[in-house]
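Encoded as structure tokens, the structure appears first; notes follow it.
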Amino acid sequence: MAKDKILITGGTGYIGSHTVVELFNAGYEPIIIDNLSNSNIGVLDGIKAITGHTVIYENIDCKDYNSLERFLEKHPEIVAIAHFAASKSVSESVENPLLYYRNNIVSLLNLLQLMPKFNIKNIVFSSSCTVYGQPDKLPVTEESPIKPATSPYGSTKQMCETILQDYAFANKDINVILLRYFNPIGAHPSGEIGELPNGVPNNLLPYITQTAAGIRKELSVFGNDYNTPDGSCIRDYINVVDLAKAHVVALNRVIEGNNKKNIEIFNLGTGSGLSVLEIVTAFEKATGVKLPYKIVGRRPGDIEKVWADTSYANKELGWKATETLEDTLRSAWNWQQKLVEKNLATTNG
Ligand code: UD1
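Residue numbering for the sequence shown follows the working numbering, beginning at 51 and increasing consecutively.
Shown next as structure tokens:
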């Protein structure tokens with residue numbers, strides 16, 4: 051009998067590719083569509099090196115309804131979708147909001163419109179802790195209020211959540227899980243897949259590893275005058291493999307029909323907050339590499355502090371982040387060094 055196939059949109063991206071690996075490990079057959087707008091086709095080799103599987107892949111843009119439809123026609127065994135394909139840079143979204151609304155909203159609408167036609171009942175969506183804005187109370191639970199978005203990127207995540215809530219309300223036979231990621235970091239321990247930012251990284255960890263590799267001169271720490279113990283911002287940094295494993299559990303839950311409601315929301319974090327300066331120190335300790343940095347002004351749009359209450363995910367999904375920060379930072383450094391070896395380390399920008 052053919053195995054259950056799971057469609058991974060954005061499967062060559064950072065979190066998508068790690069989820070593909072964990073799905074193979076769990077006995078599923080993930081298949082990928084991606085338009086490679088922010089990823090590299092070489093990721094498929096990395097997936098093969100780790101799992102031994104050649105993954106089915108097609109270059110499809112989820113905004114293209116007809117291509118999506120043709121692809122689904124060819125794969126009637128798809129039982130669930132994990133929808134990662136989206137644009138994710140906060141700063142780029144401020145400069146080019148229409149790109150973000152079009153990419154992130156139209157892609158989701160197309161998938162939702164096609165699901166009933168192909169009898170696909172389950173979808174897991176990549177949401178973000180950005181929907182909470184600066185929470186009044188920490189840690190944030192899934193019931194914490196949604197705050198006005200501070201960027202078009204954040205707006206798209208909120209809008210997609212609303213679309214999925216309305217869709218689930220109208221289609222009781224469809225199961226939706228919204229996963230609100232905190233800050234994903236690290237790479238697969240094999241060093242075969244990891245984060246591959248285009249140009250100058252916006253996110254902290256790739257900037258740190260590129261600085262450690264000598265590609266960037268120094269890290270700019272955005273602000274040391276926040277109301278936090280050392281003055282720098284606090285986030286909940288979660289290992290990307292832990293995050294990927296949560297997707298396997300979530301997909302399994304809806305496929306097996308173990309969900310309690312037809313739309314469920316889970317925070318995916320570690321439950322602890324760390325400051326930027328704590329990450330810098332931990333990175334130096336984990337890798338033995340000195341990290342040049344300077345304190346600069348605050349980055350517009352940054353919130354001061356956020357970390358997750360993960361008790362609902364721990365209890366309901368039976369999932370918990372288990373990787374240590376030290377191993378996670380080492381995995382990110384290991385991946386960066388492999389990129390330099392493979393000549394893929396970005397030097398543009
Ligand atoms: C943001 C979004 C998050 C989104 C992610 C994807 C918000 C509140 N968060 O996360 O939802 O999923 O982008 O890109 O919208 N930092 C430095 N120097 C740097 C880079 C970062 O000091 O060169 C600091 C930032 O000020 C921040 C922390 O590191 O305090 C993490 O930043 P980053 O990795 O960009 O993620 P977020 O902004 O938290």
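Don't be surprised by glycine CBs; every beta carbon is placed ideally from N, CA and C. Because the structure is a prediction, the values reported are computed rather than measured.
Check: Completely contained beta strand (DSSP E) runs for the segment 88-159, where each covers 3 or more residues; Outcome: 107-109 and 128-133
Check: Through-space distance from ASN308 to PRO256, alpha-carbon basis; Outcome: 37 angstroms
Check: Touching by the beta-carbon criterion (3+ pairs, under 8 angstroms), the segment 319-335 and the segment 359-368; Outcome: yes
Check: Range covered by the beta strand (DSSP E) that runs through THR320; Outcome: Taken as a continuous stretch (DSSP letters only), THR320 belongs to no beta strand (DSSP E), as it is neither H nor E.
Check: For LEU228, the residue or residues it bridges with in DSSP; Outcome: PHE175 and ILE315
Check: Coarse secondary structure for PRO202, derived from DSSP in three states; Outcome: helix
Check: Residue environment, GLN386, which counts as buried when at least 16 other CB atoms sit within 10 Å; Outcome: buried
Check: CYS179 CB to nearest heavy atom of ligand 1 below 7 angstroms; Outcome: yes
Check: DSSP-derived helix/strand/coil call for VAL190; Outcome: strand
Check: Buried versus exposed, by CB contacts within 10 Å (16 or more), THR206; Outcome: buried
Check: Span of the alpha helix (DSSP H) around ILE83; Outcome: Unbroken run through ILE83 is the beta strand (DSSP E), 79-84; no alpha helix (DSSP H).
Check: Close beta carbons around ASP223, own chain, < 7 angstroms, minus the five adjacent residues each side; Outcome: LYS171
Check: Separation of LYS295 from PHE134, as counted between CA atoms; Outcome: 15 angstroms
Check: Burial state of ASP280 (16 or more Cβ within 10 Å); Outcome: exposed
Check: Exposure of GLY77, with buried meaning 16 or more beta-carbon neighbours within 10 Å; Outcome: exposed
Check: Unbroken beta strand (DSSP E) run spanning LYS55, endpoints; Outcome: 55-59
Check: PHE168 CB to nearest heavy atom of ligand 1 below 7 angstroms; Outcome: no
Check: Proximity test, TYR362 beta-carbon vs ligand 1 heavy atom, cut-off 7 angstroms; Outcome: no
Check: Supposed close pair LEU287, ILE329 - CB separation, criterion 8 angstroms; Outcome: It is worth fixing the name first, because residue 287 is Tyr in this sequence and not Leu. 7 angstroms between Cβ atoms; contact.
Check: VAL339 - DSSP class collapsed to helix/strand/coil; Outcome: coil
Check: Within 8 angstroms, strictly: CB atoms of ASN160 and ALA136; Outcome: no
Check: ALA382 burial status per 10 Å Cβ neighbour count (16 or more: buried); Outcome: buried
Check: Residue environment, PRO195, which counts as buried when at least 16 other CB atoms sit within 10 Å; Outcome: exposed
Check: Distance cut-off 7 angstroms: ILE315 Cβ against heavy atoms of ligand 1; Outcome: no
Check: Segments of 3+ residues assigned as beta strand (DSSP E) that fall wholly inside the segment 223-297; Outcome: 225-231, 233-235, 269-272 and 287-289
Check: Residues that DSSP places opposite ILE345 in a beta bridge; Outcome: VAL271
Check: Beta-carbon contacts of ASN317 that lie in its chain and below 8 angstroms, excluding the five residues immediately before and after; Outcome: CYS179, VAL190, THR191, GLU192, ARG230, PHE232, ALA358, ASP359, THR360, TYR362 and ALA363
Check: Reduced DSSP secondary structure (H/G/I, E/B, other) of ALA218; Outcome: helix
Check: Exposure of GLY236, with buried meaning 16 or more beta-carbon neighbours within 10 Å; Outcome: buried
Check: Backbone secondary structure at ARG380 - three-state DSSP; Outcome: helix
Check: Selected residue, minimal CA-CA separation from ASN75, among GLU314, LYS388 and ALA99; Outcome: ALA99
Check: Per DSSP, cross-strand counterpart(s) of ALA358; Outcome: VAL190
Check: Distance, SER270 Cα to LYS55 Cα; Outcome: 43 angstroms
Check: Identity of the residues DSSP links to SER325 by a beta bridge; Outcome: ILE284
Check: Residue from LEU254, GLY249, VAL290 and ALA132 whose Cα sits closest to the Cα of LYS370; Outcome: VAL290
Check: Of the listed residues ILE227, ASN169 and TYR203, nearest to ASN312 (C-alpha basis); Outcome: ILE227
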